[in-house]
Amino acid sequence: MKKASPEEINNFVSGLPDTKKDSLFEVLGELDKAGLISIVNDGKFADGEGRLEGSDVC
């Protein structure tokens with residue numbers, strides 16, 4: 208869930224050191240820690256197309 212405006216998120220990410228921008232996972236974690244987004248783990252996995260529990264091709 209987004210808790211900040213796109214501009215606030217972009218500014219925050221731009222200010223992160225390169226070592227914190229190695230992966231989307233790291234960036235999302237930093238945004239969550241800063242309170243700009245909220246990541247909720249529902250325990251369900253989806254493939255790249257959003258299908259729950261994956262698909263035969265992934």
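Under the working numbering, the sequence shown has 261 at position 54, and the numbering climbs by one with no breaks. A virtual CB, placed ideally from N, CA and C, is assigned to each residue, including glycine.
Range covered by the alpha helix (DSSP H) that runs through residue i
i: Val220; result: Pro213 to Gly222
Simplified DSSP state of residue i, which is helix, strand or coil
i: Lys227; result: helix
i: Lys209; result: strand
Contact under 8 Å by Cβ, residue i with residue j
i: Ser230; j: Asp239; result: no
i: Ala211; j: Leu243; result: yes
i: Lys227; j: Glu237; result: yes
i: Ala253; j: Phe219; result: no
Option nearest residue i by Cα separation, candidates the options
i: Lys209; options: Val247, Lys251, Arg258 and Ala253; result: Val247
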